[in-house]
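See below for the structure under consideration.
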Amino acid sequence: MTTARSDAFVFFGATGDLAYRQIFPALQALTRQGHLELPVIGVARSGWSLDQFRERARDSLAQHGTVDAATFDRLAARLRYISGDYHDGSTYEQLRRALGSASRPLHYLAIPPGMFEPVTRGLAASSCAAGARVIVEKPFGRDLASAQGLDRTLLARFAEDAIFRIDHYLGKEAVENLLYFRFANTFLEPVWHRGHVANVQFTMAEAFGVQGRGAFYDEVGTIRDVVQNHLLQMLALLTMEPPLDGGPDAIRDEKLRVLRAVRPVAPAEAVRGQFRGYREVAGVRADSQVETFAALRLHVDNARWRGVPFYIRAGKCLPVTCTEVTVELKPPSPAIFDIPGDGQSNYFRFRLSPDVAITIGARTKVPGEPMGGTATALVARCHAGSEMTPYERLLGDALRGDAALFTRGDTIEAAWRVVDPILNDAVPVTPYEPATWGPPSASHLLAAGNRWHDPAPQEVLP
Ligand code: BG6
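Position 117 of the sequence shown, counting from 1, maps to 122 under the working numbering, and the rest follow consecutively.
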């Protein structure tokens, strides 16, 4: 893997939503840190002037960040804009001229996957792909077969170590901490297996709807939008075997290994829901069968986890906005004292957003004669979140050629293999009321004695 710094940043889809919400704010932050001393070239089909493009960048920062006047001026001075059709060879000739002497550009494909073929072909034919890296967005494909097709398209023009597949969850400090906390603490490993873990639950709840992205969302749905990528990546970090070392290859190898051990989900172990009112959202089909909620039961078929249920729940228009993972431990054996079987006694909880906390649930005795106790939360770590946004972190890493926080093609395919059987209409979609925890049938997925842990709006500190 070459770690030479990229010497130009090119983004396709430069007038689109992703650039507006995420890329411009990240570019301003990288400029502030002095990490963007290179040409920054936007490519899009909008037919704008450079001034209009700069105005768009300023507006993006006003809406999704803050305009830092001095830094913005430095960024604006670097911006170039190429307007052209992605199927037209002259677009790439313009790009080649704009790149000047740059020989290691980083191309960000912030465009629908259907455009990867013409864009990578145009880049290769114009010599813009030589020595280059490419970043692609999630979801990577629509299923296993299309992901394999996209990989073939990319690998025809770029080496695997020049392809950076973004999953912005991997750029979150709190997600990195899952891995760190697991392997930096001696007390965890002895209990981190089927002998002591009763079940593991991942909840990614959003109290809002599809936020003006109706047309996009109706092509995708919750399983493709967040389960195949963000949630399975988190699952891999929590369940993988200790890597041979802390380097990116060793970690990515173990993530792949554990994802390959996850059994493809049977339709009977999945529930898909759709919030009432979704079909009235602009861009959504009137008879849409696309899910805005998914609940799954997963099995990791290896020596460490066999028999432990893993539950995933994700959705829009749920009661709170919060992402957290609860690792519930089995009760002590033998049971000397009475302990309620509500799953609130012994657990590890990783709360990733909106606040960040790692909590260990333990029982302590209530003063008095009876040997009775109460649930106590030991908060191991708690902070308000990182200053650095995931996109700032990931774009900075890609510019340096550091692929540790990007997903390899084999791992993405392993994740598609897990959800492939429940895509499209394999599981009927059930309506649910907004501000509820999805269809009540989600509770049918739980094994006897298990319960969903509904996250509180804020972690309660002791
Ligand atoms: C994106 C999904 O990948 O992640 C969105 O497309 C979702 O639907 C978002 O809202 C959540 O990300 P975060 O960082 O706000 O938790």
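Backbone N, C-alpha and C define an ideal beta-carbon position, used for all residues, glycine too.
Kindly say whether residue i, judged by its beta-carbon, lies nearer than 8 Å to any beta-carbon of chain B.
| i | result |
| --- | --- |
| Ile-256 | The chain inventory of the structure shown lacks chain B, comprising one protein chain alone. |
Drop a sphere of 10 angstroms on the beta-carbon of residue i, count the other beta-carbons inside from all chains shown, and report buried for 16 or more, exposed for fewer.
| i | result |
| --- | --- |
| Leu-466 | For Leu-466, the predicted structure reports a pLDDT of 48, less than 50, and the residue's modelled location is therefore unreliable. The matter cannot be settled from this model. |
| Lys-321 | buried |
| Tyr-185 | exposed |
| Leu-249 | exposed |
| Cys-387 | exposed |
| Arg-281 | exposed |
| Lys-370 | exposed |
| Arg-290 | exposed |
| Ala-9 | exposed |
| Glu-211 | buried |
| Ser-95 | exposed |
| Thr-379 | exposed |
| Pro-30 | buried |
| Arg-102 | exposed |
| Leu-50 | The amino acid occupying residue 50 in the given sequence is Arg; Leu does not appear at that position. Result: buried. |
| Met-209 | buried |
| His-458 | buried |
| Met-376 | exposed |
| Phe-192 | exposed |
| Thr-71 | exposed |
| Gly-373 | exposed |
Using a threshold of 7 Å, is the CB atom of residue i nearer than that to any non-hydrogen atom of the ligand BG6?
| i | result |
| --- | --- |
| Ser-293 | no |
| Ser-211 | According to the sequence shown, residue 211 is Glu rather than Ser. Indeed, a heavy atom of the ligand BG6 lies less than 7 Å from the Cβ. |
| His-235 | yes |
| Ser-132 | no |
| His-69 | no |
| Thr-412 | no |
| Thr-328 | yes |
| His-112 | no |
| Asp-230 | yes |
| His-198 | no |
| Ser-88 | no |
| His-173 | yes |
| Ser-358 | yes |
In terms of DSSP beta bridges, what is residue i paired with?
| i | result |
| --- | --- |
| Val-45 | Phe-14, Leu-84 |
| Phe-169 | Ile-140 |
| Glu-329 | Thr-208, Arg-356 |
| Tyr-222 | BP columns for Tyr-222 are empty, so no partner. |
| Val-370 | Here residue 370 turns out to be Lys, not Val, going by the sequence shown. For Lys-370, which the question treats as bridged, DSSP gives the partners Gly-378. |
| Gln-279 | Pro-436 |
| Pro-339 | DSSP lists no partner for Pro-339. |
| Ile-365 | Phe-353, Leu-383 |
| Arg-318 | Thr-208, Ala-300 |
| Tyr-113 | Phe-16, Ile-140 |
| Thr-412 | Arg-170 |
| Val-305 | Val-267 |
| Val-202 | Leu-334 |
| His-40 | DSSP, once it has assigned bridges, lists no residue as partnering His-40. |
| His-69 | Paired residue(s): none; His-69 is not in a bridge. |
| His-92 | None, per the DSSP bridge assignment. |
| His-458 | Bridge partners of His-458: none, in fact. |
| His-388 | Val-361 |
*Are there three or more Cβ pairs, one per stretch, closer than 8 Å when the stretch 155 to 165 is compared with the stretch 127 to 140?*
Three or more pairs of CB atoms, one per stretch, sit closer than 8 Å, so the stretch 155 to 165 contacts the stretch 127 to 140.
*Decide yes or no for the touch test of the stretch 109 to 125 against the stretch 7 to 18: beta carbon pairs closer than 8 Å, at least 3 of them.*
In this structure the stretch 109 to 125 lies against the stretch 7 to 18, because at least three pairs of beta carbons, one per stretch, are closer than 8 Å.
*Answer yes if the stretch 316 to 332 comes into contact with the stretch 294 to 302, meaning at least three C-beta pairs across the two stretches below 8 Å, and no otherwise.*
Here the stretch 294 to 302 makes contact with the stretch 316 to 332; the two share three or more CB pairs at distances below 8 Å.
*Just checking, does the stretch 433 to 448 make contact with the stretch 163 to 172 on the three C-beta pairs under 8 Å criterion?*
Contact fails: fewer than three Cβ-Cβ distances are below 8 Å.
*With contact counted as at least three CB pairs below 8 Å, one residue from each stretch, are the stretch 267 to 285 and the stretch 405 to 418 in contact?*
Under the Cβ criterion (8 Å, minimum of three pairs), the stretch 267 to 285 does not count as touching the stretch 405 to 418.
*At a cut of 8 Å, does the stretch 428 to 436 reach the stretch 322 to 335 through at least three beta carbon pairs?*
The stretch 428 to 436, when compared against the stretch 322 to 335, does not touch it at the 8 Å Cβ threshold.
*asked:* Below 8 Å, how does it come out for the stretch 337 to 346 and the stretch 230 to 237: are there three or more Cβ pairs, yes or no?
replied: By the Cβ rule, the stretch 337 to 346 does not count as touching the stretch 230 to 237, because fewer than three pairs are nearer than 8 Å.
*Pairing CB atoms from the stretch 33 to 45 with CB atoms from the stretch 59 to 79, are three or more of them under 8 Å?*
Yes: the two stretches touch, three or more of their Cβ pairs being nearer than 8 Å.
*Between the stretch 172 to 187 and the stretch 347 to 359, do at least 3 Cβ pairs fall closer than 8 Å?*
Taking a cut-off of 8 Å on C-beta distances, the stretch 172 to 187 touches the stretch 347 to 359, as three or more cross pairs fall below it.
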